[in-house]
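Here is the structure we will look at, set down as structure tokens.
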Amino acid sequence: MPTFEHTIEIEAPVDRVFQLGIDPENWRRTMPSLTDVETVEEADDGLRMNATYKMLGTSMDGKMEMRIVEPNEHTITTFESPGMTGELHYYYSETDSGTRVVQRADYEFGDSLFERVLEPVAKRYNKRQFRNSLRTSKELVEDEVTPEIEA
661 MPTFEHTIEI EAPVDRVFQL GIDPENWRRT MPSLTDVETV EEADDGLRMN ATYKMLGTSM
721 DGKMEMRIVE PNEHTITTFE SPGMTGELHY YYSETDSGTR VVQRADYEFG DSLFERVLEP
781 VAKRYNKRQF RNSLRTSKEL VEDEVTPEIE A
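Quick note: the sequence shown, position 112, residue 772 per the numbering used here, numbers continuous.
Laid out in structure tokens, this is it:
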């Protein structure tokens, strides 16, 4: 089962970073491989969604559930599709300069021959996609916060 963890520092308040992270509309902005996200159910502690993720030219339709474990501190997003299942944990903590975000992914690929052959390349691809999504989130939040500070 592939597992990886990324950490990034964002110069913005925890609540601002957290709000960007829990809004599925932002997910497509931060992760180009997530080509479609449709919220099908909202609850006080999260969302259920249908999603399409494109990896190495192959689209995978699946279901996602984002649950707020602790507001401004921890979310879990689970995903399930025919080719890949797993979960993403996001941990948010306040720092002297803003917010530290830790992203941890645990997932596994399907059992078909195609999926097993593709797995080594797909692991590297996914690791890069998730790392880049954190970097893009940092840019988006900091770009929104900077004009407020200057005003």
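We treat Cβ as the ideally placed atom computed from N, Cα and C, and that holds for glycine. The model shown is predicted, which means the values in this text are computed figures rather than measured ones.
message: Tell me which residue opens and which closes the beta strand (DSSP E) that Gly758 is part of.
response: 758-769
query: Can you name the start and end residues of the alpha helix (DSSP H) that Glu685 belongs to?
result: 684-690
- request: Name the two residues that bound the continuous beta strand (DSSP E) containing Asp696.
  value: 694-703
Secondary structure, beta strand (DSSP E): runs of 3+ residues fully inside the segment 703-744: 706-715, 718-730, 734-740
message: Classify Thr667: buried if its beta carbon has 16 or more other beta carbons within 10 angstroms, exposed otherwise.
response: exposed
field: Contact belief for Gly758 with Ile682 at Cβ below 8 Å, rounded distance in angstroms
entry: Not really, about 17 Å apart at Cβ, beyond 8 Å.
field: Anticipated Cβ contact below 8 Å, Tyr767 with Gly746, distance rounded
entry: 2 Å
field: When Gln763, Pro780, Glu740, Pro742 are compared against Ser797, the one with the closest alpha-carbon
entry: Gln763
field: Asn786 to Asp803 span [Cα, whole Å]
entry: 26 Å
task: For Glu799, write down the residues that DSSP places opposite it in a beta bridge.
output: Note: Glu799 sits in no beta bridge, so no partner.
Cβ-Cβ distance between Tyr750 and Asn732 below 7 Å: no
- prompt: So, are the CB atoms of Val805 and Val677 less than 7 Å apart?
  reply: no
query: Among Phe739, Ile728, Met744, which has the Cα closest to the Cα of Ala770?
result: It should be pointed out that residue 770 corresponds to Gly in this sequence rather than to Ala. Here the closest residue by C-alpha is Met744.
task: Could you tell me whether the Cβ atoms of Met724 and Phe739 are closer together than 7 Å?
output: yes
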